[in-house]
Amino acid sequence: MVSTKVLPTTSAAEKSALPDGKFRLVGWDVDATGQMVTDEICQLAAYTPQEDFSQYIMPYKDLTLFAQRRYMMYTKTIGRYRALKDKTNNKMLRTKSEISALVDFLMWLEKIKNQEPGCTGLILLCHDAIELAPLLLIQALKRYDLLDRFASIVKGFSNCYAFVKLKCESSVTSFTLKTLSKILLDKEDEQTHSARNRARIAYQLVQHLRAGLVEPSSGGGGGALVSDLGDLAQFTWTVGDKEATVAPRLEQLQRLMSLRPLFRSGVAAAAGVEEKSGGGGGTFRRPSMQERRRAVQLRSQLLDAMIDYEMLSKTWSEREPVLHS
């Protein structure tokens with residue numbers, strides 16, 4: 001399958017130091033309409049051992065086929081109305097507007113922070129290999145001027161995927177949540193299509209690998225404060241760090257979209273669409289898996305070199321007279 005993922009751009013050299021103090025860890029995750037930085041959130045969820053948060057959001061976009069299969073939900077237009085439906089039982093999900101869901105989420109985060117006296121802020125834990133969830137949340141918050149309020153509560157985003165990989169690379173070969181929960185947490189058949197479950201599993205994985213490194217609760221919330229993140233610190237970025245990566249990711253996505261004419265056949269094949277190979281016979285041909293993998297490699301090399309379709313077209317037009325001479 002030809003991937004449409006945009007790789008993470010945050011490096012260790014760009015990291016800012018977290019403020020001194022004690023933090024409370026909160027698992028979180030999102031379901032989105034796709035895997036691009038321009039997609040929308042359709043479920044926002046967070047978890048602590050004492051209470052959790054989950055809210056479905058009605059997106060303007062329809063979910064991609066990949067998102068429908070991964071999150072087991074889809075959008076349906078009924079006359080003048082739109083609905084978000086669960087694919088497992090075909091029932092309609094109760095949704096809110098994006099701004100209402102974000103305000104509810106901020107109020108819940110403030111409540112979690114205030115449960116622990118002396119808490120400097122929250123660290124949000126997410127198992128996200130491509131580091132997309134923080135960018136989707138930041139863009140949504142900026143649309144309603146809520147980012148400053150969010151940054152006063154949340155002091156950092158932690159990438160649980162990279163943290164678990166560092167800890168278990170020698171003993172685990174697959175780092176999906178389902179595999180990790182089975183091996184590390186001894187839990188069979190965890191359902192990971194919902195952001196609510198993924199937030200819980202991410203929190204439990206980090207707590208399992210950091211056993212004994214949390215301080216006892218001093219408040220009535222039953223939580224635990226952390227003053228030393230340990231190895232998790234190298235995979236934790238401030239809100240400002242993540243906000244700074246949005247623009248580069250959007251530029252990278254723009255280059256990716258510009259290259260679509262070159263790789264259209266591969267993308268169509270990945271979506272299960274057969275394309276004509278040319279000629280009057282009307283024959284059909286789908287690229288082989290080897291050809292699609294080669295296309296992914298070539299496209300990745302072009303993106304790494306910051307080359308877009310316009311640059312390639314210009315280079316080709318300049319070389320064409322030389323080739324025909």
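If you read the sequence shown in UniProt numbering, its first letter stands for residue 1, the second for the next number, and so on. Glycine included, every Cβ here is placed at the ideal spot set by N, Cα and C.
| query | So, is K76 buried or exposed, given that buried needs 16 or more other C-beta atoms within 10 angstroms? | reply | By the neighbour-count criterion, in which 16 or more other beta carbons inside 10 Å mark a residue as buried, K76 falls on the exposed side.
| field | Bounding residues of the alpha helix (DSSP H) (the contiguous stretch that carries T179) | value | Where T179 is concerned, the enclosing alpha helix (DSSP H) stretches over L177 to I183.
| request: Look at L225 and F23 and say whether their C-beta atoms are less than 8 Å apart. | output: Inclusion of L225 and F23 in the CB contact set at 8 Å is warranted, their separation being smaller than that value.
| message | Classify S181: buried if its beta carbon has 16 or more other beta carbons within 10 angstroms, exposed otherwise. | response | Buried, by the Cβ-count rule.
| By a C-beta neighbour count over all protein chains shown, 10 Å radius and 16 as the cutoff for buried, is W316 buried or exposed? | So W316 counts as exposed.
| query | Helix, strand or coil for A67 per DSSP? | reply | In the structure shown, A67 sits in a helix (DSSP, three-state: H, G or I).
| query | Since V164 and L205 are thought to touch, with beta carbons under 8 Å apart, how far apart are those beta carbons, to the nearest angstrom? | reply | For V164 against L205, the beta-carbon gap comes to about 6 Å, under 8 Å, which counts as contact.
| Terminal residues of the continuous alpha helix (DSSP H) containing Q207? | Residues A195 to L209.
| Under 8 Å between the Cβ atoms of I57 and A17? | The answer is no: Cβ separation not under 8 Å.
| message | What would DSSP say about G278, mapped onto helix, strand or coil? | response | Residue placement at G278 is poorly supported in this model, since its pLDDT is 46, which falls under 50; the coordinates still yield a value, given next. In this structure, G278 counts as coil in the three-state DSSP scheme.
| Can you tell me whether I123 is buried or exposed, with buried defined as 16 or more other CB within 10 angstroms of its CB? | Per the 10 Å Cβ criterion, buried.
| Between which two residues does the beta strand (DSSP E) carrying N159 extend? | Run containing N159: V154 to N159, per the beta strand (DSSP E) assignment.
| Touching by the beta-carbon criterion (3+ pairs, under 8 Å), the segment 251 to 261 and the segment 175 to 191 | Cβ pair count under 8 Å is below three, so no.
| Beta carbon of A45, beta carbon of V26: below 8 Å? | No. Outside cutoff.
| What number of angstroms, rounded off, separates the C-alpha of L146 from the C-alpha of D39? | In this structure, the alpha-carbon of L146 lies about 19 Å from that of D39.
| query | Under the DSSP definition of a beta bridge, which residues are partnered with G121? | reply | Looking at the DSSP assignment, G121 forms a beta bridge with F23.
| Neighbourhood of L302 by C-beta distance below 7 Å, restricted to the same chain and skipping five residues each side | By the criterion of a C-beta distance shorter than 7 Å, L302 is surrounded in its chain by L259, once the five residues flanking it on both sides are discounted.
| 8 Å Cβ cutoff met for W28 and A199 | Taking 8 Å as the cut-off, the Cβ atoms of W28 and A199 count as close.
| message | Once DSSP output is grouped into helix, strand and coil, what is the label at Y60? | response | Under the three-state reduction of DSSP output, Y60 falls in the coil class, being neither helix nor strand.
| query | Where does T77 fall in DSSP's three states? | reply | Taken through DSSP and simplified to helix, strand or coil, T77 comes out as strand.
| field | Boundaries (first-last residue) of the alpha helix (DSSP H) holding A305 | value | First-last for A305: undefined, no H or E at that position.
| request: Below 8 Å on the Cβ atoms is my guess for M72 versus D62; work out the distance and round it to an integer in Å. | output: Contact between M72 and D62 is absent: CB atoms are separated by about 15 Å, not below the 8 Å threshold.
| F150 beta carbon less than 8 Å from that of L93 | When the beta-carbon positions are compared, L93 and F150 stay at least 8 Å from each other.
| Whole-angstrom distance between K155 and T176, CA atom to CA atom | Whole-angstrom Cα-Cα distance: 26 Å.
| query | Leaving out five residues before and five after S227 in sequence, what residues of the same chain have Cβ atoms less than 8 Å from its Cβ? | reply | Cβ within range, chain order: G21, K22, F23 and E215.
| Distance, A305 Cα to A295 Cα | For A295 and A305, the distance between alpha carbons rounds to 15 Å.
| field | Through-space distance from I99 to W108, alpha-carbon basis | value | Each residue's Cα considered, the two are about 14 Å apart.
| task | Closer than 6 Å by C-beta to G266: which residues in its own chain qualify, once you throw out the five before and the five after it? Chain order, please. | result | Because the pLDDT at G266 is just 47, under 50, the model does not fix this residue reliably, and the point stays unresolved.
| Helix, strand or coil at K15 according to DSSP, with G and I counted as helix | Residue state, collapsed to three classes: coil.
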